[in-house]
Each structure stands twice: as structure tokens, then as C-alpha cells.
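> The structure follows.
Numbering (mature numbering (1 follows the signal peptide of the UniProt record, and there is no 0)), first residue to last: -32 to -1, 1 to 204.
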């Protein structure tokens, strides 16, 4: 199920709320992180990236985020085994360029994720008006699925995806779900945006704003660790 604009706006507008105080920061890695928080909408900027704890869904449990840098960070989450997305902890890079003015837009990722729970590891890409949301799922586990209806498979940006098209009531959502799970690789994002614009005509020459990468967690009962070993987003 696709994420919503709420996860962006609430991270900025909502007051920080302590979550999982009894857990504290014991779930952070043994090496001391340069930043960590268990606040519901805790966020910080590091090395040109903005990190969000972002516990936005209903019925959520405890969650803490830590970071050694904007490109190396992780989350400990203990969300109940119920339906519905509980959180989308993520790292965001702002692009603010139109599709036709972009010479390149790509990302490298390397993650360590649990074998249990229900979640996806995904990019969440937005235009500056938040009319369109492009999700790129590089892996998924458990009872999770994208919003909308299948549009078939396509090979773009170095991966083969099943494409879904839908709406969450606030914006249109285009989800690209990798046909096999991956924990590391490179995604060439620009050809995906051009395919949506030029081949399918689903939007025009939108200005791409936020490129987020994180873990959309539905359940992680008992406490699970999600680690972004490395993430870089590059554009020109």
C-alpha cells in the first residue's frame, strides 16, 4: 500500500511525541551514532540528507532511529502484527529539477533487513506539488502490496518491475515493485520518470522534489532491526 503525503507534512508540522520510552536507545548499534531519537516525528539533517523517524500510521508501537551519517542509518521497530502501514522511517534528498532539465538521477542502496515481519524497502519520489508519488520497491516481506492495479512488467533503470497505478485519494501513485527481492544495487531513476512521462503520458514535465528512501513498516512484532548500510542519491 502506497505511502501518503501525510508522512511528509506531519514530519514537519506535527509536534514531536515520545514513543517507546521504555525502549530508549538501547536498540541503536553498539558503535555510538551521531544522532538518534525515539520521537514520533524526530528528524535531523546530515550530509545533505534529512532523516525522519516518521511513525505516521495508526496502531503503531515503538520505534527508534539512529544515524552515523545521512547515508548510513537504521531503525529498531516493534509494531504489532496488525494491518496498515505504521511508519516510513526514511532519508530524503531534495532534487528540485524538472524531468527535462535532469541530465541524470540515480541512487545506490545497500540494506540489511529482517526475514520476518511485514514491510517493504522503497524509494518514495514526489513532485514539488505533491500531485504524483512514484514508489520503487526493491524488496518486500510479509503481507504487503502496492496500491492500484497492475499495468504489467517493464525493465527500466537496471531492474525489472511490476508496475501498479492507483490513487490514495490525495494524489496519484505509481508503484514499481521489483520482481525479485534485492538488498543492494543501483537504480537509474531518470528513465523511469521519462517512461511515465513520455511512454505512458501519466504526467507531464513535473519538477521532482523529494527523493526518499526507507522502510515502509506494517508489522515488526517483538522488535526488528532495519539498517541502511549505504545510500546515495545523485543528480545533475
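Here a beta-carbon is modelled for each residue, glycine too, at the ideal position from N, C-alpha and C.
1. To which residues of the same chain is residue 15 closer than 8 angstroms at the C-beta, ignoring the five residues directly before and after it?
2. Sorted by chain position, which residues of the same chain lie with C-beta nearer than 7 angstroms to residue 95's C-beta, five sequence neighbours on each side aside?
3. What do you reckon, are the CB atoms on residue 74 and residue 201 nearer than 9 angstroms?
4. Pick helix, strand or coil for residue 67, following the three-state DSSP scheme.
5. Would you list the residues sitting across from residue 182 in a DSSP beta bridge?
6. Pull up the distance between the alpha-carbon of residue 106 and that of residue 184, whole angstroms please.
7. Enumerate in chain order the residues of its own chain whose CB-to-CB distance from residue -29 is below 7 angstroms, with the five nearest sequence positions on each side excluded.
8. Quick one: give me the first and last residue of the alpha helix (DSSP H) that residue 157 is part of.
9. Only counting the same chain, and skipping five residues up and downstream in sequence, which positions put a Cβ closer than 6 angstroms to that of residue 163?
10. Could you pull the start and end residues of the beta strand (DSSP E) that residue 127 belongs to?
11. For residue 86, count neighbouring C-beta atoms within 10 Å of its own C-beta (all shown protein chains included) and say buried if the count is 16 or more, exposed if not.
12. Pick out the complete beta strand (DSSP E) segments inside the segment 17 to 62, 3 residues or longer, and give them in chain order.
13. Please classify residue 69 as buried or exposed, where buried requires at least 16 neighbouring CB atoms within 10 angstroms.
14. Report the rounded CA-to-CA distance for residue 179 versus residue 104, giving the unit in angstroms.
15. Thinking C-beta only, is residue 114 closer than 9 angstroms to residue 141?
16. Could you please give the first and the last residue of the uninterrupted beta strand (DSSP E) stretch that includes residue 77?
17. I think residue 194 touches residue 1, with their Cβ atoms under 8 angstroms apart; what is that distance to the nearest whole Å?
18. So the beta strand (DSSP E) residue 13 belongs to, where does it begin and stop?
19. Pairs of beta-carbons, one from the segment 46 to 60 and one from the segment 126 to 135, closer than 8 angstroms: are there three or more?
20. Straight-line CA distance for residue -18 to residue 13?
Looking at the coordinates:
1. Position 47 of the chain shown, counted from the start, is the residue given in the question as residue 15. Within the same chain, residue 15 has close Cβ partners 37, 38, 39.
2. Locating residue 95 in the chain shown gives position 127, where the first residue counts as 1. Counting only Cβ-Cβ distances below 7 angstroms, and skipping sequence neighbours, we find 174, 175, 176, 177.
3. Looking up residue 74 in the chain shown gives position 106. Looking up residue 201 in the chain shown gives position 233. Yes, these two residues count as a Cβ contact at 9 angstroms.
4. For the purposes of this step, residue 67 is taken as residue 99 along the chain shown, with counting starting at 1. Correct three-state label for residue 67: coil.
5. Translated into the one-based positions of the chain shown, residue 182 becomes position 214. Answer by DSSP bridge pairing, in chain order: 58, 90.
6. For this step, residue 106 is matched to residue 138 along the chain shown. For this step, residue 184 is matched to residue 216 along the chain shown. One C-alpha to the other measures close to 12 angstroms.
7. The sequence position of residue -29 within the chain shown is 4, counting from 1. Because residue -29 sits at a pLDDT of 46, beneath the cut-off of 50, its placement in the model cannot be relied upon, and the point is left open.
8. Against the chain shown, residue 157 aligns to sequence position 189. Taken as a continuous stretch (DSSP letters only), the alpha helix (DSSP H) holding residue 157 covers 157 to 162.
9. The residue labelled residue 163 in the question sits at position 195 within the chain shown. Closer than 6 angstroms at Cβ, skipping near neighbours: 124.
10. Here residue 127 refers to the residue found at position 159 when the chain shown is read from its first residue. 127 to 135 is the extent of the beta strand (DSSP E) around residue 127.
11. Taking the first residue of the chain shown as 1, we reach residue 86 at position 118. That one is buried.
12. 17 to 20, 30 to 37, 40 to 46
13. Numbered from its first residue, the chain shown carries residue 69 at position 101. Exposed, since its Cβ has fewer than 16 Cβ neighbours within 10 Å.
14. Reading the chain shown from its first residue, position 211 is the one you call residue 179. Reading the chain shown from its first residue, position 136 is the one you call residue 104. If I take the Cα positions, the gap works out to 11 angstroms.
15. As a working note, residue 141 is residue 173 in the chain shown. As a working note, residue 114 is residue 146 in the chain shown. It is a contact, given that the beta carbons lie within the stated cut-off.
16. In the chain shown, counting from the first residue as 1, residue 77 sits at position 109. First-last of the beta strand (DSSP E) with residue 77: 73 to 80.
17. Sequence index remark: in the chain shown, residue 194 carries index 226 (1-based). Sequence index remark: in the chain shown, residue 1 carries index 33 (1-based). The pair is not a contact, with the Cβ atoms about 14 angstroms apart (cut-off 8 angstroms).
18. For the purposes of this step, residue 13 is identified with residue 45 of the chain shown, where counting begins at 1. 11 to 14 is the extent of the beta strand (DSSP E) around residue 13.
19. Contact fails: fewer than three Cβ-Cβ distances are below 8 angstroms.
20. By one-based count along the chain shown, residue -18 stands at place 15. By one-based count along the chain shown, residue 13 stands at place 45. Reliability fails at residue -18, whose pLDDT of 34 lies under 50, so the model's placement of it is uncertain and the value that follows must be treated cautiously. Computed Cα separation, rounded: 17 angstroms.
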